[in-house]
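In the working numbering, the protein residues as written are 136 to 283. For every residue, glycine included, the Cβ atom is placed at its ideal position computed from N, Cα and C. Read through the structure below, which is laid out as structure tokens, and then see the notes.
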Amino acid sequence: FLRFHESDRPSSAVITMMTYKTDTPNQCGIVEVDKDGVVIGFHEKVDNPPSNLANGAVYLIEPEVMKWIYKQTSVTDFSTQVIPNYIGRISSWENTHIHRDIGTIESLLKAQKDPLPESCWPDHDDWFRSYRDNPIHSVISSLSGKSE
Numbered sequence: 136f137l138r139f140h141e142s143d144r145p146s147s148a149v150i151t152m153m154t155y156k157t158d159t160p161n162q163c164g165i166v167e168v169d170k171d172g173v174v175i176g177f178h179e180k181v182d183n184p185p186s187n188l189a190n191g192a193v194y195l196i197e198p199e200v201m202k203w204i205y206k207q208t209s210v211t212d213f214s215t216q217v218i219p220n221y222i223g224r225i226s227s228w229e230n231t232h233i234h235r236d237i238g239t240i241e242s243l244l245k246a247q248k249d250p251l252p253e254s255c256w257p258d259h260d261d262w263f264r265s266y267r268d269n270p271i272h273s274v275i276s277s278l279s280g281k282s283e
């Protein structure tokens with residue numbers, strides 16, 4: 136992603152947006168891109184989206200964009216206020232690996248059931264143990280009315 140932004144994006148692009156294919160396009164911001172992967176349209180959570188190529192909400196941003204945002208004191212939402220201003224100057228990079236929207240309790244629960252990457256020593260991996268034992272998992276399950 137970083138290498139693409141630094142070396143392969145079109146020279147006119149000042150933002151690189153990570154995208155991914157989604158199974159629930161009506162629940163996502165959907166992008167339209169041209170043959171070079173430049174964003175030419177953006178549809179935030181519409182009923183009949185034109186595709187399933189979703190905004191992954193991961194961006195690499197050039198300083199000029201940050202300066203513009205800083206000057207816009209009313210900007211509070213990147214998707215609805217910044218992206219539309221830069222249509223045609225946003226390159227897209229499609230993440231074909233794991234990228235999952237966790238914007239709903241149901242989608243978060245589904246993500247938690249994804250297969251874990253292989254680890255040589257899962258019981259010795261401090262981050263994994265901390266993640267696995269975190270009480271947030273039972274809290275989320277109780278919010279959805281489902282038990283593990």
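Next item on the list: With DSSP as the reference, label T215 as helix, strand or coil.
Entry: T215: helix per DSSP, three-state reduction.
Using the DSSP secondary-structure output, state which residues sit across from A246 in a beta bridge. Paired residue(s): none; A246 is not in a bridge.
Going by beta-carbon coordinates alone, are S147 and R224 separated by less than 8 Å? yes
M152 burial status per 10 Å Cβ neighbour count (16 or more: buried)
buried
Next item on the list: Mind checking which residues open and close the beta strand (DSSP E) that includes F263?
Entry: For F263, no beta strand (DSSP E) segment is defined; the enclosing uninterrupted segment is the alpha helix (DSSP H) at D261 to R267.
Nearest-angstrom Cβ-Cβ length linking E229 and T157, presumed shorter than 8 Å:
Not quite, the Cβ-Cβ distance comes to about 12 Å (not below 8 Å), so this is no contact.
Practice problem: Assign H140 to one of two classes, buried (16 or more other C-beta atoms within 10 Å of its C-beta) or exposed (fewer than that). | Solution: Of the other Cβ atoms in all chains shown, 16 or more fall within 10 Å of the Cβ of H140; this residue is therefore buried.
- Rounded straight-line distance, which links the Cα of I222 to that of E179: 13 Å
TODO: Buried or exposed for D236, please, with buried defined as at least 16 other CB atoms from any protein chain shown within 10 angstroms of its CB.
DONE: buried
For this session: Would you mind stating whether I275 and I218 have Cβ atoms separated by less than 8 Å?
Result: no
Quick check on E241: does DSSP put it in helix, strand or coil?
helix
Using C-beta distances below 8 Å, list every residue in its chain close to A189, excluding the 5 sequence neighbours before and after it, in chain order. T154, Y155, K156, T157, P160, C163, G164, I165, V166 and D236
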